[in-house]
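J.: Protein chains in written order, with the numbering used here: chain A, 5 to 198; chain B, 5 to 198; chain C, 5 to 198; chain D, 5 to 198.
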DNA sequence: GATGAATGAGGCTTCATTCAT
DNA sequence: CATGAATGAAGCCTCATTCAT
């Protein structure tokens, strides 16, 4: 019973991801999501308080899952450079595997500034912490030079994030995660010759 | 007469930037922009065909101005590393000087994938070209190692872009352009020790 | 369920007829129709795509019903003169029984040449055909003299139509259908003495 | 000076006739009429109090001119049948000569019921009187049989009116006034054989 | 729990009219 | 007289949300 409920909730979330990806949050209709999910309009409101809450649920769920998977995969990697590459790989793979989810993340996450702040301060904080701790660890091991780890985190995240956005805007459907290696190499060793 | 018309158009654009920055495009009302600009609702439609066109005009104007200023400033800088730093500086300074404009750029620009594509394919292309040519020039001078220049462009842009977004979300009002030097250093020399 | 839906649709149509009759199509507000029908503004749009479509529906329905009733009543009348009189009677009775509907028909039907053409080419064509075939039948029976039947149809229709318009503009509420006999007599035998 | 003023007023009226004929009164914009007349929007309001008054002026002027011309032409025709034919001819010729004016007359005259009543009670009354007196004269001369002359007037007017409407809806540009003879014959002698 | 018809607040936009130049 | 930029009231329609069935 409880399972069935979770199933239907997920069904609605998946429908919302497809709908938001196609038309954007503000140009998507609740009735459209309902149709896509194969339920009645009113049913949406049994599982979610409002249209806005569906969007939040998408991010909540996707971020939770991503952080959980990432922590699991990173558990046994101790080399800082290897870890950074793994992080980039997981990030690119996760969004590269689901273009609709990626679209919602890259486009609708910037829903409005309050919305962004909310996630940046909670769920996304965990992700940023993973990157930051990896950089700090590398600095302790003298693999990385001195540099504000928070600053480095932003730079690294910015690189990955732009790869995803660029991939979305490109019509070509290349393997996004393949960029992880050279992205990390660029971040660690820079663009300079030698 | 012509001047006055341009003045009023600009007045509306500035009001729209403030309004969009505050509430986001979709949660802003045309009547609110009108009030903020000190004109009647209908007056907006003498200068713009639709609400959507106001948003486009903001980007059009801001990007044109930015590219024009940048090209002027970069004219006499030939050293690739210096050029990259100048680009980062100009970018960060331009948006750092106008928090409302920055908000609209970082939040509203990605509100709609079609809208993004439109600008990425035209106005923004010029900006990306400036970065790319600088990287290519550095590669010819053997200052930069071999790496797809387009890929490098994305990484560099991604770093800058994330700095701006992070600055917006931060409550602290630090000097954004101060990051240009260390950002460029990180991009060119990487994070690795020595 | 289906019945209830048809009922409500009809309820809106009747409200629209009253509203259009009172103020004319362009000076009628959708909110006024809704109020008159006892439903919310938005409900109108569950049953009709647009304000314009309500007007079309009024004509569609009224013409369909009129042609159906007329064909039924005329089935057993073979004498051409009797048939013409019956047609005039039915036409005058139909509109004479519902002053609001008559107003919409006489005033709003000609509000727009494109709108008129649409109905003249479809629904109204059936009605004109009934008149024309009666004239042709009378000519075959040598009751009527040679005359382009289409021309005759227009003349006959014009006579009836003007009776309705005149009745609408008159404040007196006389029995419109009483004119059928003398109208037909005038059409068939003319104004000449003997 | 006065002449020039009248000229410009007429210029606006002609522009309004073309504009109303094309789009109908409610779908015509004052700015469109101004453009068509080659004057500024505000200039319209120097010559007319409102948009509605332009429409009234069109009917005022056209009806005055028509009645004046008709009375002049009918002065020397005493035979009732000849007079009726002349009336039909003048009516059909007048509107047949200016399709735009005819469109405005047949379509926009039914602007709303109050508007119609206003003209039917004043300007149009003169025209109806001309027809009615002709019928009465024919009855006195025993050319026409006994029949309420007002009733006969409506029938005759209805026939002519429908000819005009039918011509408007027809794409063919036939000579409308050619129908005057057979129309009158039909009205006087009827459709009956012999 | 599920439905989907009904609600009604509110937005974008139009356009007749005004009035300072 | 002529202009046309500015006004702002008001309409059509949309759509998130509710609730009786």
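Beta carbons: idealized from backbone N, C-alpha and C, even for Gly.
It should be emphasised that the depicted structure is a prediction, and the values quoted were computed from it without experimental measurement.
Would the region 6 to 26 of chain A count as touching the region 99 to 111 of chain A if we require 3 or more Cβ pairs under 8 Å?
T.: In short, these stretches touch, since the Cβ pair count reaches three.
J.: Below 8 Å between beta carbons: does that hold for residue 71/D and residue 131/D?
T.: If you check the CB distance, residue 71/D and residue 131/D come in under 8 Å.
J.: Does the pairing of the region 79 to 93 of chain D with the region 180 to 197 of chain D give three or more beta-carbon distances under 8 Å?
T.: yes
J.: Please check if any C-beta of chain B sits within less than 8 Å of the C-beta of residue 100/A.
T.: no
J.: Using a Cβ-Cβ cut-off of 6 Å (strictly less than) and excluding sequence neighbours within five positions of residue 95/B, which residues of its own chain qualify?
T.: Result list for residue 95/B: 164, in chain order.
J.: Is there a Cβ from chain D that is less than 8 Å from the Cβ of residue 55/C?
T.: Cβ-Cβ to chain D under 8 Å: no for residue 55/C.
J.: Nearest to residue 192/C by CA position, among 85/C, 31/C and 118/C, is which residue?
T.: It is 85/C whose Cα lies nearest to the Cα of residue 192/C.
J.: So, helix, strand or coil for residue 30/C, using DSSP?
T.: In the three-state scheme derived from DSSP, where H, G and I count as helix and E and B as strand, residue 30/C is classed as coil.
J.: Using a Cβ-Cβ distance cut-off of 8 Å, determine whether residue 69/B contacts chain A.
T.: no
J.: Which same chain residues, not among the five before or five after residue 29/C, have their C-beta less than 7 Å away from its C-beta?
T.: 59, 112 and 115
J.: Would you call the CB atoms of residue 43/B and residue 62/B closer than 8 Å?
T.: In this structure, residue 62/B does not lie closer than 8 Å to residue 43/B by Cβ.
J.: What residues from chain B crowd round residue 149/A, counting only those whose CB sits closer than 8 Å?
T.: 195, 196, 197 and 198
J.: Are the C-beta atoms of residue 121/B and some chain A residue less than 8 Å apart?
T.: yes
J.: To which residues does DSSP link residue 196/D through a beta bridge?
T.: 148/C
J.: My parser needs the alpha helix (DSSP H) runs of 4 or more residues fully inside the region 63 to 122 of chain B; what are they?
T.: Runs of the alpha helix (DSSP H) lying entirely within the region 63 to 122 of chain B, each at least 4 residues long, are 84 to 100 and 103 to 111 in chain order.
J.: Out of 31/C, 138/C, 57/C and 155/C, which has the shortest C-alpha to C-alpha gap to residue 119/C?
T.: 57/C
J.: Kindly list, in the order they appear in chain B, the residues whose Cβ is closer than 7 Å to that of residue 191/A.
T.: 194 and 195
J.: Mark residue 46/D as exposed unless 16 or more other C-beta atoms lie within 10 angstroms of its C-beta, in which case mark it buried.
T.: exposed
J.: Which whole-angstrom value is the C-beta distance of residue 12/A and residue 51/A, which I expect to be below 8 Å?
T.: 7 Å
J.: Residues of chain C with a CB under 9 Å from the CB of residue 104/D: which are they?
T.: None at all; the shortest Cβ gap to chain C is about 11 Å.
J.: With 8 Å as the limit, tell me which residues of the region 177 to 188 of chain A have their beta carbon closer than that to any beta carbon of chain B; keep them in chain order.
T.: 183, 186 and 187
J.: So which of 194/B, 65/B and 66/B has the shortest CA-CA distance to residue 142/A?
T.: 194/B
J.: For residue 63/C, decide whether its Cβ has a neighbour in chain D, counting only Cβ atoms nearer than 8 Å.
T.: Not flagged as an interface residue toward chain D: residue 63/C, since no C-beta distance is shorter than 8 Å.
J.: By alpha-carbon positions, which one of 197/C, 67/C, 32/C and 127/C ends up nearest to residue 149/D?
T.: 197/C
J.: For my contact list, residue 158/D and residue 166/C are in at a C-beta cut-off of 8 Å; report their separation, rounded to the angstrom.
T.: 5 Å
J.: Answer with buried or exposed for residue 82/D, where buried requires no fewer than 16 other C-beta atoms within 10 angstroms of its C-beta.
T.: exposed
J.: If we cut at 8 Å on Cβ distances, does residue 83/D have a partner in chain C?
T.: At a cut-off of 8 Å between C-beta atoms, residue 83/D does not count as an interface residue with respect to chain C.
J.: Among residues of its own chain, excluding the 5 on either side of residue 73/B, which ones have a beta-carbon nearer than 8 Å to its beta-carbon?
T.: For residue 73/B, where only same-chain residues beyond five positions count, the Cβ hits under 8 Å are 94 and 98.
J.: Can you look up residue 44/D in the DSSP assignment and give me helix, strand or coil?
T.: Here residue 44/D sits in coil by DSSP.
J.: For a contact defined as C-beta to C-beta under 7 Å, what are the partners of residue 200/C on chain D?
T.: The question about residue 200/C has no answer, for chain C in this structure spans 5 to 198.
J.: In the DSSP assignment, find the alpha helix (DSSP H) that holds residue 154/D and state where it starts and stops.
T.: 153 to 173
J.: Spatial neighbours of residue 55/A within its chain, please: CB distance less than 7 Å, with the 5 preceding and 5 following residues excluded, ordered by chain position.
T.: 34
J.: Is it buried or exposed for residue 41/A, if we count other Cβ within 10 angstroms and need 16 for buried?
T.: buried
J.: List the residues of chain C that residue 110/D touches, going by C-beta distances under 7 Å, in chain order.
T.: 114
J.: Just to confirm before moving on: does the CB-CB distance between residue 100/B and residue 180/B stay below 8 Å?
T.: For residue 100/B and residue 180/B, yes; Cβs fall inside 8 Å.
J.: Please list, in chain order, the chain B residues whose beta carbon lies closer than 8 Å to that of residue 170/A.
T.: Those are 158, listed as they occur along chain B.
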